[in-house]
Every structure is written in structure tokens, then in C-alpha cells.
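>
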Amino acid sequence: MSCTADDVVAALRAGADVVAAHRGELVEMDREIGDADHGENMDRGFRAVMAKLDTSSPDTPAAALKLAATVLISSVGGASGPLYGTALLRAASAAGDAAELDGPAVAALLQSGLDGVVARGHAELGDKTMVDVLVPAAEAAGNAAEGGQDSAGVLRSAAQAAQEAAENTRPLVARKGRASYLGERSAGHVDPGARSTALLLGAFAESAGVRS
Amino acid sequence: MSCTADDVVAALRAGADVVAAHRGELVEMDREIGDADHGENMDRGFRAVMAKLDTSSPDTPAAALKLAATVLISSVGGASGPLYGTALLRAASAAGDAAELDGPAVAALLQSGLDGVVARGHAELGDKTMVDVLVPAAEAAGNAAEGGQDSAGVLRSAAQAAQEAAENTRPLVARKGRASYLGERSAGHVDPGARSTALLLGAFAESAGVRS
Amino acid sequence: MCSANTPFRGKEALGLKKIINDPATVVQDALRGLAAAHPDLLRLRADPPVVVRADAPVRGQVAVVSGGGSGHEPLHTGFVGPGMLDAAVPGPVFTSPTPDAVQAAIGEVDGGAGVLLLVKNYTGDVLNFETAAELAEADGIEVRTVLVDDDVAVRDSTHTAGRRGVGATVLVEKIAGAAAARGADVRRCAELAQRVVAQARSMGMALTAPTVPHVGEPSFELGAQEVEIGIGIHGEPGRSREPLGSAEEVVRRLLDPVLQDLPFETGDEVLLYTNSMGGTPQMELYLAHGIAERVLAEHGLTVRRRLVGPFTTSLEMQGMSLTLLKLDQELVDLWDSPVHTAALRW
Amino acid sequence: MCSANTPFRGKEALGLKKIINDPATVVQDALRGLAAAHPDLLRLRADPPVVVRADAPVRGQVAVVSGGGSGHEPLHTGFVGPGMLDAAVPGPVFTSPTPDAVQAAIGEVDGGAGVLLLVKNYTGDVLNFETAAELAEADGIEVRTVLVDDDVAVRDSTHTAGRRGVGATVLVEKIAGAAAARGADVRRCAELAQRVVAQARSMGMALTAPTVPHVGEPSFELGAQEVEIGIGIHGEPGRSREPLGSAEEVVRRLLDPVLQDLPFETGDEVLLYTNSMGGTPQMELYLAHGIAERVLAEHGLTVRRRLVGPFTTSLEMQGMSLTLLKLDQELVDLWDSPVHTAALRW
Ligand SMILES: Nc1ncnc2c1ncn2[C@@H]1O[C@H](COP(=O)(O)OP(=O)(O)O)[C@@H](O)[C@H]1O
Ligand SMILES: Nc1ncnc2c1ncn2[C@@H]1O[C@H](COP(=O)(O)OP(=O)(O)O)[C@@H](O)[C@H]1O
Ligand SMILES: [Mg+2]
Ligand SMILES: [Mg+2]
Ligand SMILES: [Mg+2]
Ligand SMILES: [Mg+2]
Chain A
1405 MSCTADDVVA ALRAGADVVA AHRGELVEMD REIGDADHGE NMDRGFRAVM AKLDTSSPDT
1465 PAAALKLAAT VLISSVGGAS GPLYGTALLR AASAAGDAAE LDGPAVAALL QSGLDGVVAR
1525 GHAELGDKTM VDVLVPAAEA AGNAAEGGQD SAGVLRSAAQ AAQEAAENTR PLVARKGRAS
1585 YLGERSAGHV DPGARSTALL LGAFAESAGV RS
Chain B
1405 MSCTADDVVA ALRAGADVVA AHRGELVEMD REIGDADHGE NMDRGFRAVM AKLDTSSPDT
1465 PAAALKLAAT VLISSVGGAS GPLYGTALLR AASAAGDAAE LDGPAVAALL QSGLDGVVAR
1525 GHAELGDKTM VDVLVPAAEA AGNAAEGGQD SAGVLRSAAQ AAQEAAENTR PLVARKGRAS
1585 YLGERSAGHV DPGARSTALL LGAFAESAGV RS
Chain C
418 MCSANTPFRG KEALGLKKII NDPATVVQDA LRGLAAAHPD LLRLRADPPV VVRADAPVRG
478 QVAVVSGGGS GHEPLHTGFV GPGMLDAAVP GPVFTSPTPD AVQAAIGEVD GGAGVLLLVK
538 NYTGDVLNFE TAAELAEADG IEVRTVLVDD DVAVRDSTHT AGRRGVGATV LVEKIAGAAA
598 ARGADVRRCA ELAQRVVAQA RSMGMALTAP TVPHVGEPSF ELGAQEVEIG IGIHGEPGRS
658 REPLGSAEEV VRRLLDPVLQ DLPFETGDEV LLYTNSMGGT PQMELYLAHG IAERVLAEHG
718 LTVRRRLVGP FTTSLEMQGM SLTLLKLDQE LVDLWDSPVH TAALRW
Chain D
418 MCSANTPFRG KEALGLKKII NDPATVVQDA LRGLAAAHPD LLRLRADPPV VVRADAPVRG
478 QVAVVSGGGS GHEPLHTGFV GPGMLDAAVP GPVFTSPTPD AVQAAIGEVD GGAGVLLLVK
538 NYTGDVLNFE TAAELAEADG IEVRTVLVDD DVAVRDSTHT AGRRGVGATV LVEKIAGAAA
598 ARGADVRRCA ELAQRVVAQA RSMGMALTAP TVPHVGEPSF ELGAQEVEIG IGIHGEPGRS
658 REPLGSAEEV VRRLLDPVLQ DLPFETGDEV LLYTNSMGGT PQMELYLAHG IAERVLAEHG
718 LTVRRRLVGP FTTSLEMQGM SLTLLKLDQE LVDLWDSPVH TAALRW
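Protein chains in written order, with my numbering: chain A, 1405 to 1616; chain B, 1405 to 1616; chain C, 418 to 763; chain D, 418 to 763.
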């Protein structure tokens, strides 16, 4: 199976649902090592994306991704808004005007998204940010695509890697983002942005799996 | 026995001790229906009186009372400072230049003090103030003096009446002083100024009893 | 000696969570900081402490003096300076200053044109300032006293202590100070102050209680969603305890009795003073102010002047009060006159 | 739709003890009150909300714009007006505004002489303002950005997010605004702002935590006598937890790292800014200020200018920060230049 514009929209809806369901958890995680708004920010952003999708129907995957990107940038604020926004913008560029995305295309999208986040936020692996999830997720996606998986399979692999990678941020000492102000005291907590990335990838994969 | 300048000074010392010992209680009583400073105010004032007595030795009862009055006025602040100060000033005037005070003289002093408080604060019986203690105390003192008691006996009668009168302020609704702002909610608490008056009269009586 | 038996309870013993050294010296320590911060505006006369305008006495000009217990800052010390107070007399926390402190203040600022005492109507303040006025008059200084009693939370009656002075105090100090700066005589300054008192009404509420340093525990206890309506500014409990409700409800509960009391009428022009009790953040205060402006517009009142901020506080207490002053052109002009103090400046 | 599954948690559900109507609209509601209170100074552009100087754009003058998450009031909205900010962009509570809000602000105030963006150094603010600057430049507006990063509680390094912007922000806004009002070009305004950043250092502490309206519980928990040293202004926990100690100890714990960092040296002239985090009453703040003046004198520093008050706050958080700015005559002159805003005026 390949991934159409409708599939991307469905994935975004699944993303909005998972963010809404985990809003409190993400706020609490950010309260521990940040400023207690990550769940609020993400929820505000994804609600805005949903509201926008009520009145517009993007006709390519790229258009859907770009819509989400611009709405997130103009509604989230905070660090995560521009970072997720950039990731989706870059993914949209990578999707070009294709009507459907196959496994390798989805893997390439993820890699582009990751590159966008790094270009914007300058975080390295181990800085305890969403990058710590995106790197192994993009790598797993690439491997799955090389192994001949379709778009749903690629997303499944990315989501699995992401799940574990988010948990692996727990022992790290943050060097980027607000948690870095805590120094050593940031260790012992999962990074909220890492967690939301894993949640989103999980929701995307599940949505793709159901529809495929 | 009659009451000399030294006896007045000893009574003031006993007053300072009882105020210091009940400082917290008076603060707590004032916290309930006032602004939580009556114990603090009285303690500050009586410490100042003691400090003054370290360097001066009044040679008549009137001089001792006047010393206490002026120090209280210039160190207590709040409502109780001018009221106790005025009471002692009036008592000093009533004492004239007598070297010793007999029973009737002590009773007259108490009445003068009460008159001063009423002149200054315009409180009536039942307004839930120190007046509610001073009125029965002065009356008991007058009766005791008429009954032939000496100064110690007069003070003992005043103190006994005061003790009961303070407790009797509990059900009253305050109409003067800070507790009046509470309206009906002031009922159910003993008035702190009534309590400090009873404590002071008790200490004066005990001091007189010991020395006589 | 008694002092040996009762060593002063220090900050640690009280478990006080405050940025202070010693509850016994907190007022003086804060005054030293105030004087250090504003050497151009004021100076500190020590023992009894009085905050005096730097260039006092101003010859030939009425001196305006106020004071009262500490813990309401910037009231009164933050209002010392040209166009407002010539001196402020800070008592201990929530306790009136003594007559000799007030007398010292009068002595520092009397410029030969008389002294106006602005006194919040609390028994302690009234009695202590009264004595000081008598002493100063005995020294040949012309003294007038105006009592401020604007708090509609307290039922007024000749048989009670009367209403408390709260928010209107700042307005009275500003307007009387402006009149003095313009050369009005002491009688006229007192008349204007009296007019502000007559035309101003206030009502306050608290979400939390203040903790007086020497007491060490909150002045009253409130439930998680309970507020004190009709709170004073001394940590004295309010008139009633009620559930918090929305900001809209809070503002209406404060404004309704204020509007009825004077009464304020359609077409009146007013000054609206939205005051934080200290701990309420600016976000909540402006939010409440916006609602109050809307409610007054509903009543056909025109808000011509505003004051929003923590000006009449009760230590760290969270809560707010609303004060309405009926304006006329003369009061507007006096309000607009220049003022240069630590807390109000234009 | 997801919104049906997660109805916004209202004030009652959260058990919030705040004077607000709804956590979802608290920022807008407060801005409406601000605009109602200061019609002469500023106006509110709605959706995205931007607070704009009443007479903007000022033709031919550099426009100075700042912003960031709400909850730090009067920062930044209280500093909009002649001599300081042309616009402030308030984000949600403790959350950076979005690029389109910043872009809207730039559009409202650009007077043809370029726009200076003053941005506190937090990843979110940096990224969102950066995007806005790119968008404005694409529209042909000359934009310069100066990052404020004065918090010595955060160790600086190229491998981290860098230092936070805290107290110095007010000083930068005042001085850059004064330069713009005097007709300096945008390059020069940016240079001056940069110089203030380079010469300013801050350190803060908290006695209590703020409660973000949409969160409903305090941002961190502290023991009865515990304080957070090196606190930020977003409810993010500080660098370490320590026993409170005396005010003297508190002030030294804040000043020592500040003094060492620049370093400040004997003979330096400085501006000392003693800031309340919101809930700390003025009495404690001035008390701490007085100690700080004394400690600086011990180090041979001359305090030439002061600012004392709640200007860089974190909702109702109790605590304080100290900021030291090394002065030269040019900075003193710019500091002294007229300013007319809701929160600073002279
Ligand atoms: N420089 C960065 N690079 C990548 N991710 C970052 C960076 N800074 C922060 N983040 C991510 O953003 C998350 C925080 O987002 P959020 O709480 O919404 O914004 P803010 O920190 O502005 O409050 C962090 O948990 C982290 O994963
Ligand atoms: N008008 C008055 N007449 C007589 N006593 C009064 C009057 N007003 C107050 N008091 C007494 O003063 C006491 C309070 O004293 P204190 O707490 O020291 O002063 P304040 O009320 O100014 O804080 C009251 O308990 C009451 O007994
Ligand atoms: Mg956050
Ligand atoms: Mg009292
Ligand atoms: Mg008192
Ligand atoms: Mg944030």
C-alpha cells in the first residue's frame, strides 16, 4: 500500500487524537523538567490543524503536510512549534507533487523532517530532545524501506524505534531546550518532546496500518 | 498596707512579666478577631517601660504611673497604646503627690483610668472592649474600698471581677475596635484587650499581695 | 527582667518563609533599603522612623503627612515626594505609629503653612495621630486632620468604630498633595481631602491571608476555593466567606455595594482604582480591571481616570480591591498634576 | 473530532484559586483590561494579539519590538509607549508567541527606519522570532535581532541552549527605546542593546512556585524552608534547592555569582535592579535592595541608578532577582531619557 493525501490527513487526525489524549501527561512531563506547557502547546496546535482541515481538503500528501506545518507554526509557539513545523515543511518539500508515497518515499520524508529539526535547533544526538527519537526512527524507516516494506511498514518500524528511543532519553542530561537549565537535575525524566514525537509516530503508524 | 512608689514599680514589673508570658496567647486572640498584634504591642510597650525603669526611679506612685503612661504611649502604637496610656495618665493625676495609696485611693485610681479610656475611645459597656473589664473591676474596687479593704485587697477584688468580666466578652458582638469589622463573626471569642486588662489587674493584685 | 524570659522569636523559630533577617527589625531594614534606593526623593529619619521628602521642609507650603502600620507598601512611604506626601510615618507591621513618631514627622516637614494629617480610620491610628496633633498644636503648629473611611464592607454607624480607610487613601494623598504643591492653604487642602473621602468608596476581597512576620502564621485560614469578601488590609478577616467564582462574579460582588453606597449615578465621571493586595499578579489585576470598566459602562458611568496596581497592599496577601471616586474637573486637574514619588510618578 | 474528547479544563475543574474567568482566555482577557486602562498609551491588535503603541507607526523612527510568553507582566506589554517599546507580542502563558504574531507586530509599528527585535534567549522565542524576522525581511523591512542572555544561573556554552534572558530585558528595552526615540538608526540601536546585554548579569531565586492557569498545580514543589536558587521566570525549576537562610545570605548568594561573572570591578559604576518575581511584597524587596547596596559598596562599586519593583515576574511566584548593569555615561543618559509606559514613567 502507498500513502495518499487522505492517508496523511487521517494520520494527522490520529496525531491530534493521541496528543489530546496525552495532553496532561505531556504537561506533567514538561512540568518536571521544563515549563509545563508542552502538552498544551501540542494540543493547541493539533486542534488548529483539525479546524483547518474542516474547511480545506489538501489533494496531495505534500499539501496536507504543508497545511499542518503552517498551522503548527502559527499556533503552537514555544520551541516545539517551529521545530515540528519545520520538520513537516521539509517533509512536504521532499514529497514534491507525488500523489502517493511508497515505503522509500516515507522514509525519505522522515529523514528530511529530521534534517529540518537539526538545521533549526542545532541539537545533537544525546542532547535529550526530539532529535534523540527522530534519528533512530529515520534510521529504522530507511532500513525498513530498503528491506522492501510499504509505507505502513516503514512507519511501523519508525514508530517502534521511536517508542524505545523516547524512553532512552530518561538518563540523559539535557543540553538543549529548557530542560538544559536544570543541568544534572534533568536526568531521570523522559524528554517531553521525545515523548510527543514517539506518540505521533505511533499514531501515524497505527492510522496507516488500519487503512492499509 | 498602703501602696508606695516601689509597690507601683513592682506591680508594673509583674505586669511586664505576665504580658511577656502571654504574648503569644494575646497575639492568637487578636489574630482571631483582629490583626494579630495585641500581644506584640503590649510586650513591646512593657519591655520599654522596664527598660526605662532600669535608669530611673520614680519617687511617688504618680511618677511611676506617669512614667509607664508616657512610655506606653510612645512605644505601643495601635489602639491599646493610647488607651492604656491614657488610663495610666489619668490614674497618675488622681494619685496626686501622695507618697502612699490606701484602699480608697487605689479604687479611685481605677475609676479614673476607666474614665480616661472611655473619654478617649468612646466605648460603652457591651462593645466588647477593655471597657467591659474595667467597669466591673472599678466597681468591685470601689465596693472593696468601702468595705474597708487595704490597697492589696482592693486590687484583689478588682482582679477577681476582671477575670470573670474578660470571659464574659466572649459571646458579645464587637462594636468598637478592629473586631467590629467582623460583625456577627466576632462573637465566640474573648476580646484580647479585655483579656490583657484582666491579666494586668491579676498581676498587680498578686504583686501587691506578695509585698503586703 | 521579662526580656530575658522571652527572647524574641527569630525567623527560623517562626518558620517564616520571607526574605528578611529578623522579624524584630524588618520595618527598619526595609526603610533603609527604601532610602538607599531613592536618595533623590527622600531621607530616613531614624528612631522613631519617619520617611521625609528630601527637600523638606518646603517653606510656605502646606505639609501633607500620612502614616499607619507598615505592610501596606507602597502606602505610605512610597508616596513621599513632590506633589504628594511630605512625610510618611511607618508604624510596626499593621500597627499604628506612636504619637511621638507622628510629632517628629510634623516637626521635620512643617514649613510654616500648617500641616495636614491624613489618617485612615482605625481606632489606633485615630488615637495616636490625635495625640500627636494636640502636641504639635501645643507647639504652635496649625494642624488639620482628615480621616479616610471609604470601605463599604463595614457598616457605618455612630455606635461603631466606623468605616475603615482603604483604597481611597492613595487618592486623598495624591489630591491633597497636589493642592499643597499648588499653594492651597491648609484649610483648603483639608477641604479637598475631605471631598475625596466623601466621594470615594471601596471594597476588597482576599484569596489568601498575609503572614505577619512576628506572628509567623497566616492571619486567617481559607479553604481551597474560599475567599474573604470585605477584607481589610491588616489581615483582619473579612465580612464573609464565599466560594471564589469567576472573575466576573468577583468584580460584581465588589462593585455592586460600592455603586449603591454613594450612590454613583448614570452620567457620573469616575476614577477607577483597581488595587492588588500584594500577591495577586498583574495579569489577574488587569483582567479584573477590564471587567470593572465594562460593568461601569453598563451603569452609564464614564471612567475618566484609572489607577491599576499594587498600591494599598497587605504584605503578600492575594486579592484585590476596587475603589471608585466621583470626579469633577477640579479633582481631575489635581489628579493630573505632577507627582514624583517612588511609587507614583508623572 | 478531538476537541470533543478533550473539553478544555475550566477553572473550577482545575481548582484554580485565581481571579480569572477561563484559563483558555486568560491572556486575551488581561490584555483587554490593559488596553482599557491605558487608552492614551497603547492599543490592542486582536488575533494574534499584539500590544501596540497608540501612535504607531512613528514615521522615520526605529521601531523596537519585544515579546515572549505571558505571565511576566509588566514585561513586555507594560513597557509599550514613547521611549521604550513600539510593540509587545504576548504569547500564551510562559509560551513564545508564534511568528505570525511577531510579524503582525512588525507590520503595525514599522515606520520605515527598520525594526529592532529584542528577544529573550529561549529556544522557543529565538526560533519564533527568527522566522518572523525572515518573513519581515522578505517584505523588505530591515530587521535586527538582539538576544538577551544575562542569567548567570545557567552555564554558558556553545553546546547548550545558552543563558536565559531575565532581568536585563527591561534594561535593554529601556535603553534601546531611548536610543530609537533620540533618532539613532537601527544598527546603532542594536549595538546599544547588545552593549547592555554584554554588560548585564542576573541571578534569581524563588520561595514559592507559580501556578500556570492551564496546568492548575504549582510548577514545582518546595519544602517549608526550601528555596530554588537560580530560578528562571517560567516556573522551570532552578539550579539547586537550598535552605532559605537570612535575607543577607539570600542577597549574597545571588550577588556573588553575578559579581564574578562579568567580572564587575572596584570603581565600576552600575545600575542595580532589584526585581520581585511577583508575589514578594515590597517590604521584603526593599529590605533585600538595601542589603545589595551595602554589599556592592563593600566591593567598591558605585550604584548610580536603581530600579526596584516587580518588573520581570513569574505570575504569583514569590522570590526575587538581582541584575547588575555596568554603566557608562551614554547608558546613564539613555536610562534617564523620558519614558512613558504603563509600568515605567519619567
Ligand atoms: N534545540 C532543540 N532541538 C530539538 N528539539 C528541541 C530543542 N529545544 C527544545 N526541543 C524540544 O522541544 C520540547 C519542548 O517543547 P515545548 O515545551 O512545547 O516548548 P518550550 O520549551 O518553549 O516550552 C523539548 O522537550 C525538546 O524535545
Ligand atoms: N474604642 C475603644 N475603646 C476601648 N478599647 C478599645 C477600643 N478600640 C479597641 N480597644 C481595645 O484595644 C484592643 C486591641 O488592641 P491592639 O490589638 O493592641 O490594637 P489594634 O486594634 O490597633 O491592633 C481591643 O481588643 C480592645 O479591647
Ligand atoms: Mg515547555
Ligand atoms: Mg490588634
Ligand atoms: Mg494593630
Ligand atoms: Mg514554553
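Ideal Cβ positions, reconstructed from N, Cα and C, are used throughout, including at glycine.
Which residue or residues does DSSP assign as beta-bridge partners of Ala-628(D)?
The residue asked about is misnamed: residue 628(D) is Thr in this sequence, not Ala. BP columns for Thr-628(D) point to Pro-635(D).
> If you follow the beta strand (DSSP E) that Gly-621(D) is part of, which residue opens it and which one closes it?
Residues 617-623.
> Give the C-beta separation of Leu-535(C) and Glu-490(C) to the nearest angstrom, bearing in mind that I take them to be a contact with Cβ-Cβ under 8 Å.
In fact, because the Cβ distance is near 16 Å, the residues do not count as touching under 8 Å.
> How about Met-766(C) and Pro-627(C): do their beta carbons lie closer than 8 Å?
In the structure as shown, chain C starts at 418 and stops at 763, and residue 766(C) therefore has no counterpart that could be examined.
> Measure the Cβ-Cβ separation of Leu-451(C) and Val-468(C) and say whether it is below 8 Å.
The answer is yes: Cβ separation under 8 Å.
> Thr-1533(A) and Asp-1595(A): beta carbons closer than 8 Å?
Yes, the pair counts as a contact, with Cβ atoms nearer than the cut-off.
> Does the distance from the CB of Val-388(D) to the CB of Ser-619(D) come in under 8 Å?
Residue 388(D) cannot be examined here, being either before or after the span of chain D that is shown, 418 to 763.
> Taking only the alpha-carbon atoms, compute the straight-line gap between Ile-1477(A) and Gly-1438(A) and give it to the nearest angstrom.
For Ile-1477(A) and Gly-1438(A), the distance between alpha carbons rounds to 20 Å.
> Lys-1456(A) touches chain D at which residues, Cβ-Cβ below 9 Å?
Within 9 Å Cβ-Cβ: nothing; Lys-1456(A) doesn't reach chain D, min ~12 Å.
> Are Val-1535(B) and Ala-1548(B) closer than 8 Å when you measure CB to CB?
Not closer than 8 Å, so no.
> In whole angstroms, what separates the C-alpha of Gly-541(D) from that of Gly-1485(A)?
Cα to Cα, Gly-541(D) sits roughly 8 Å from Gly-1485(A).
> Have a look at Val-1480(A) and Phe-1450(A) and give me their C-alpha separation to the nearest angstrom.
Those two C-alpha atoms are separated by around 9 Å.
> Just tell me which of Asp-527(C), Thr-586(C) and His-651(C) has its CA closest to the CA of Gly-559(C).
Going by the sequence as given, residue 559(C) is Glu instead of Gly. Minimum Cα distance to Glu-559(C) is reached at Asp-527(C).
> Specify the secondary structure class of Leu-533(C) as computed by DSSP and reduced to three states.
Note: Leu-533(C) maps to strand in three-state DSSP.
> Quick test of your reading: Val-1587(A) and Arg-1574(A), contact by CB under 8 Å. State the CB separation rounded to the nearest angstrom.
The question names Val, but residue 1587(A) is Gly in the sequence shown. About 16 Å separates the two Cβ atoms, so there is no contact after all.
> Ends of the beta strand (DSSP E) at Ala-505(D)?
Taken as a continuous stretch (DSSP letters only), the beta strand (DSSP E) holding Ala-505(D) covers 504-510.
> Give the interface partners of Ser-619(C) over in chain B, defined as CB-CB distance under 8 Å, in chain order.
Correct list: empty, because the minimum Cβ distance to chain B is about 13 Å.
> Just the Cα atoms here: how many angstroms apart are Gly-1443(A) and Val-1422(A)?
Looking at the two C-alpha atoms, the distance is approximately 11 Å.
> Is it a yes or a no for the segment 512-532 of chain D touching the segment 470-490 of chain D, going by three-plus beta-carbon pairs under 8 Å?
Verdict: yes, contact present.
> Got a sec: is the Cβ-Cβ distance from Trp-763(C) to anything in chain D below 8 Å?
With 8 Å as the cut-off, Trp-763(C) counts as an interface residue toward chain D.
> As a quick check of your reading: which residues have a C-beta less than 5 Å from at least one non-hydrogen atom of ligand 3, in chain order?
This selection yields Asp-1434(A), Gly-1438(A), Asp-1439(A), Asp-1441(A) and His-1442(A).
> Show which residues of chain C have a CB atom less than 8 Å away from the CB atom of Leu-1487(B).
Residues of chain C passing the Cβ test: Leu-544.
> Does ligand 8 have even one heavy atom less than 7 Å from the beta-carbon of Arg-1582(B)?
This structure lacks ligand 8; the ligands present are ligand 1, ligand 2, ligand 3, ligand 4, ligand 5 and ligand 6.
> So which of Gln-445(D), Asp-457(D), Ser-738(D) and Arg-449(D) has the shortest CA-CA distance to Ala-617(D)?
The candidate whose alpha carbon is nearest that of Ala-617(D) is Ser-738(D).
> Helix or strand or just coil, what does DSSP make of Met-501(D)?
Met-501(D) falls in the coil class under three-state DSSP.
> Between which residues of its own chain and Asn-1445(B) is the CB-CB distance below 7 Å, once the five residues before and five after are set aside?
Excluding residues within five positions, the ones whose Cβ falls inside 7 Å are Val-1480, Gly-1481, Gly-1482, Ser-1484 and Gly-1485.
> Which parts of the segment 683-721 of chain C are runs of the beta strand (DSSP E), unbroken and 3 residues or longer, counting only runs that do not cross its ends?
Segments of the beta strand (DSSP E) lying fully in the segment 683-721 of chain C: 686-693.
> Measuring only from the beta carbon, is Tyr-539(D) closer than 7 Å to any heavy atom that is part of ligand 1?
Yes - ligand 1 has a heavy atom lying nearer than 7 Å to the Cβ of Tyr-539(D).
> If you follow the beta strand (DSSP E) that Glu-659(D) is in, where does it begin and where does it stop?
Element bounds for Glu-659(D): 657-660.
> List, in chain order, every chain D residue whose beta-carbon is nearer than 8 Å to that of Ala-1440(A).
Chain D residues near Ala-1440(A): Phe-511, Val-629, Val-632, Ser-636 and Gly-652.
> Answer yes or no: do Ser-483(C) and Leu-502(C) have a C-beta to C-beta separation smaller than 8 Å?
For Ser-483(C) and Leu-502(C), yes; Cβs fall inside 8 Å.
> Can you pull the chain D neighbours of Pro-698(C), defined as C-beta to C-beta under 9 Å?
Neighbours of Pro-698(C) on chain D, chain order: Lys-435, Gly-488, Glu-490, Pro-627, Gly-695, Gly-696, Pro-727, Thr-730, Ser-731, Leu-732, Glu-733 and Met-734.
> On a CA-only basis, which of Asp-1463(A), Pro-1508(A), Leu-1492(A) and Ala-1425(A) is nearest Asp-1554(A)? Give me that one, please.
Of Asp-1463(A), Pro-1508(A), Leu-1492(A) and Ala-1425(A), the residue nearest in Cα terms is Pro-1508(A).
> Any Cβ of chain B within less than 8 Å of the Cβ of Ala-597(C)?
Not one chain B Cβ lies under 8 Å of Ala-597(C).
> Given Ala-623(C), which residues of its chain have a CB within under 8 Å of its CB, disregarding the five upstream and five downstream residues?
Within the same chain, Ala-623(C) has close Cβ partners Leu-639, Val-644, Glu-645, Ile-648, Gly-655, Met-694, Ser-731, Met-734, Gln-735 and Gly-736.
> Looking at the structure shown, is Thr-577(C) part of a helix, part of a strand, or coil, going by DSSP?
Residue state, collapsed to three classes: coil.
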